[in-house]
Each structure stands twice: as structure tokens, then as C-alpha cells.
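**Student:** Numbered per this note's numbering, the sequence shown spans residues 14 to 182.
Below is a structure I'd like to ask you about.
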Amino acid sequence: MVSEKIAKLINEQIAHEQYAAQYYLSMSAWFSSKDLDGIANYFRVQSKEELMHADKMFDYLNDVGGEIIVGEIPKPPHEFDNATDIFEKALAHEKVVTKSIFNIVKNANDEGDFATTSFLQWFINEQVEEEASASQLVTKIKMVCDNPSALYLFDQELAQRVFVPAAQA
Numbered sequence: 014m015v016s017e018k019i020a021k022l023i024n025e026q027i028a029h030e031q032y033a034a035q036y037y038l039s040m041s042a043w044f045s046s047k048d049l050d051g052i053a054n055y056f057r058v059q060s061k062e063e064l065m066h067a068d069k070m071f072d073y074l075n076d077v078g079g080e081i082i083v084g085e086i087p088k089p090p091h092e093f094d095n096a097t098d099i100f101e102k103a104l105a106h107e108k109v110v111t112k113s114i115f116n117i118v119k120n121a122n123d124e125g126d127f128a129t130t131s132f133l134q135w136f137i138n139e140q141v142e143e144e145a146s147a148s149q150l151v152t153k154i155k156m157v158c159d160n161p162s163a164l165y166l167f168d169q170e171l172a173q174r175v176f177v178p179a180a181q182a
């Protein structure tokens, strides 16, 4: 039901999502080492979301008869300059993920693969939300990073985030 080309692109996206999970986990570890456990929590939740995205794609590819090939996941960086650097890298990474998903949609459209195009609409909407949130957090960390009291409150704000699995349609 799905072409080999689209299956290959989805398999690559699964690996991208798994890498993103590791990347965010690495960011979480950096914040944990600085005793900023609320911000560390934010990135732990982000990591779990990326794994959920990979699982959704895995299940879809299985449902449409595509061959699932688990790809290699490179080791993410673990050293960062500062908190602002991390949030800027997270935003940049979300933009890369968005571009990759758009590429799959473009190829699915070119092939007339309406099932994949429809499936990926959820991811398009998710990426709009992810980029907006990451951009907002870059702005906030730039405002608070030099103010210990403000950083404390920002850390407390991000401690409230919890992982909520996506609803099944």
C-alpha cells in the first residue's frame, strides 16, 4: 500500500525522532547537572514525546504494509555552552524535523499517497506547536538567564510539564 520510497522516508523519520529523544535527554542531563530540575523535566518530557512520535510512525508504517527498518541513531552532543545555547539548539532541531516531515508530505503528494499525507497532518500541526513553543522558550531564557530569581521561577514553571500521550483517533 505504501511505496518503498515513502517507507524509506518514514523509516528515516523514525530514526530522526529517536535521535531527537536522545538529544533532548542529553539536554535534560545538562540541566540536571546544574540543579535546574524543572528545566530538566521539560526536556525529559520532550524526549518522551519524540519517542511517541517514532512509535506512531512505526505503527503507521506497519499498518500500511511498509517494511520497517530500524536505523542507526547517532550519539547526541552532551556538552553545551549555556542554557540559552540549549534552547536555541532545541529550536533549530525542531525546524530540521519540520523540514523532514514536509519532505515526506511532498513526496507522498507527488505519489498520490493520500493515506500518508493524511496521517502526517497530525505531525504538521504538532510541529507548528513545537516550533512556536521552542521559540517562546528561547525568548524567555534570554530574559531570565542573568537573573537568578527569574531563572528560579522559570525552572519552577517548566517543572509543571507532564507527559501526555497523544489521543488515539
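Every residue, glycine too, gets a C-beta built ideally from N, C-alpha and C.
Among E142, F115, A34, H91, whose alpha-carbon lies nearest the alpha-carbon of S131?
**Tutor:** Looking at the Cα atoms, F115 is the closest of the given residues.
**Student:** Does DSSP classify G51 as helix, strand or coil?
**Tutor:** In the structure shown, G51 sits in a helix (DSSP, three-state: H, G or I).
**Student:** In the DSSP assignment, find the unbroken alpha helix (DSSP H) run with S162 in it and report its ends.
**Tutor:** Taken as a continuous stretch (DSSP letters only), the alpha helix (DSSP H) holding S162 covers 161-172.
**Student:** Out of L133, A145, D48, point me to the one whose CA is closest to N120's CA.
**Tutor:** Ranking L133, A145, D48 by Cα distance to N120 puts L133 first.
**Student:** Would you kindly check if the distance between the Cβ of G78 and the Cβ of N24 is under 9 Å?
**Tutor:** No, these two residues do not count as a Cβ contact at 9 Å.
**Student:** Can the beta-carbon of S186 be found less than 9 Å from the beta-carbon of A33?
**Tutor:** It is not possible to answer for residue 186, since the shown part of the chain is limited to 14 through 182.
**Student:** Along the alpha helix (DSSP H) that carries H91, what are the first and last residues, could you check?
**Tutor:** Segment: none, H91 is in no alpha helix (DSSP H) and carries neither H nor E.
**Student:** When you compare the CB positions of A55 and L164, do they come within less than 9 Å of one another, or not?
**Tutor:** The question names Ala, yet the displayed sequence has Tyr at residue 55. No, they are not a contact pair.
**Student:** With a cut-off of 8 Å on the beta carbons, I'd call I27 and M70 a contact; round off their distance for me.
**Tutor:** Going by Cβ atoms, the distance from I27 to M70 rounds to 5 Å, so yes, they are a contact pair.
**Student:** Look at the alpha carbon of E139 and the alpha carbon of A179, and state the distance between them as a whole number of angstroms.
**Tutor:** Their backbone Cα atoms lie some 10 Å apart in a straight line.
**Student:** Compare the beta carbon distance of F93 and M156 with 9 Å and say whether it is the shorter of the two.
**Tutor:** The answer is no: Cβ separation not under 9 Å.
**Student:** When the Cα atoms are used, what is the spatial distance from F127 to S113?
**Tutor:** Straight-line Cα distance between these residues: approximately 18 Å.
**Student:** With distances taken from CA atoms, which of V15, I81, C158, E142 is nearest T97?
**Tutor:** That would be C158, whose Cα lies nearest to the Cα of T97.
**Student:** The alpha helix (DSSP H) with S148 in it runs from where to where?
**Tutor:** Note, S148: alpha helix (DSSP H), 127-157.
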